[in-house]
Amino acid sequence: MSAMPSASAHLSLSKPSPFHFLNSLKPHYHISLLISTNYQKPTFHRPILITNTLSDGKPKLAATAAAATATATTVSTTTTTSSSPTTYVSRFGPDEPRKGADVLVEALEREGVTTVFAYPGGASMEIHQALTRSSIIRNVLPRHEQGGIFAAEGYARALGRPGVCIATSGPGATNIVSGLADAMLDSVPLVAITGQVPRRMIGTDAFQETPIVEVTRSITKHNYLVLDVEDIPRIVREALLLATSGRPGPVLIDIPKDIQQQLVVPNWNLPI
Numbered sequence: 001m002s003a004m005p006s007a008s009a010h011l012s013l014s015k016p017s018p019f020h021f022l023n024s025l026k027p028h029y030h031i032s033l034l035i036s037t038n039y040q041k042p043t044f045h046r047p048i049l050i051t052n053t054l055s056d057g058k059p060k061l062a063a064t065a066a067a068a069t070a071t072a073t074t075v076s077t078t079t080t081t082s083s084s085p086t087t088y089v090s091r092f093g094p095d096e097p098r099k100g101a102d103v104l105v106e107a108l109e110r111e112g113v114t115t116v117f118a119y120p121g122g123a124s125m126e127i128h129q130a131l132t133r134s135s136i137i138r139n140v141l142p143r144h145e146q147g148g149i150f151a152a153e154g155y156a157r158a159l160g161r162p163g164v165c166i167a168t169s170g171p172g173a174t175n176i177v178s179g180l181a182d183a184m185l186d187s188v189p190l191v192a193i194t195g196q197v198p199r200r201m202i203g204t205d206a207f208q209e210t211p212i213v214e215v216t217r218s219i220t221k222h223n224y225l226v227l228d229v230e231d232i233p234r235i236v237r238e239a240l241l242l243a244t245s246g247r248p249g250p251v252l253i254d255i256p257k258d259i260q261q262q263l264v265v266p267n268w269n270l271p272i
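Structure, rendered in structure tokens:
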């Protein structure tokens, strides 16, 4: 590369002396500046991708394009495979009897529920035991039933899917009334599941018995009192559909304790 021409400039600066009789001895400073007069913009070369081969020593551009196409096809195939729906596999045999509480939990799993907000109590203990046997549903334990239903409501607002909360009978059920009313007024999809005293004790003023179906009739889209264990799969599917269809809102399912304990082989194909 040829040398670039340059110019040299000399600049003289005089520093005045504070003493007039020393003016003849004033120092002089000389500064030499090297200024380039020919600037060339650097040239950037685009790198060339070369793939070595053992056959003829020439770049294999066609092979590179084929590899890129194969990679794109692999990515497309992977994406298509991952988006396909997965088949639900029950932890019970097809004809194996199970408790009504296990039927309830499996019905929630089949409908895509992965999180519930459940506070335990005597009338809902069977449901909590069934939740411990589930590897799909996670229970977020609140410190109060009202906190549980408002957490489920926030879950529904944030994710756009129905929130599910579980409470026991009596005071546990009445503690979720404010959350049901709020979800009804704000159109939030919600399914509240409550335990209830055994069927033979309903209406006898039994311990922690509350007619929660009658109490919540005007602040829910619909509510259910389960009197047949075989109805659980249909009721769960219908409740989640009602909570999200039309104007969203809360639905309540009240399940007596003896229904939770009863053994049954469920029919998952019952019509709504």
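Per the UniProt record's numbering, residue 1 is the first one in the sequence shown, and the count goes up by one each step.
The C-beta atom is built at its ideal place from N, Cα and C for all residues, glycine as well.
Only residues of its own chain outside the window of five on either side were considered, and among them V197 have a CB closer than 7 Å to the CB of A206, listed in chain order. Taken atom to atom, the span from the alpha-carbon of R234 to that of R138 is near 22 Å.
By the C-beta density criterion, L227 is exposed, having fewer than 16 other C-beta atoms within 10 angstroms. In its chain, beyond the 5 residues on either side, R234, R237, E238, L241 have a beta carbon closer than 8 Å to the beta carbon of I272. Around the beta carbon of L180, 16 or more other beta carbons lie within 10 angstroms, which makes this residue buried. In the DSSP assignment, Q196 falls within the unbroken beta strand (DSSP E) covering 190-196.
Under the three-pair Cβ rule at 8 Å, the segment 208-216 counts as touching the segment 165-175. Taking C-alpha positions only, P189 is separated from I212 by approximately 19 Å. Fully enclosed beta strand (DSSP E) runs of no fewer than 3 residues occupy 163-167 of the segment 153-186, in order along the chain. Taking a cut-off of 8 Å on C-beta distances, the segment 260-270 touches the segment 97-106, as three or more cross pairs fall below it.
For E111, same chain residues with a beta-carbon under 7 Å away, outside a window of 5 residues either side, are V236, R237, L240 in chain order.
Between P120 and A243, the C-beta gap is not smaller than 9 Å, which leaves the two residues out of contact. Cβ neighbours of Q261 within its own chain (closer than 8 Å, five residues either side excluded): K99, G100, A101, E126. Counting along the chain, L270 sits inside no beta strand (DSSP E), nor does DSSP assign it H or E at all. For A243, the enclosing alpha helix (DSSP H) covers residues 232-244.
A158 is classed as exposed because its beta carbon has fewer than 16 other beta carbons within 10 Å across all chains shown.
In this structure, DSSP gives F150 a helical state, which the three-state scheme calls helix.
With respect to S124, A151 sits apart: the two C-beta atoms are not nearer than 9 Å. Straight-line spacing of the CA atoms in T194 and S245 works out to 22 Å.
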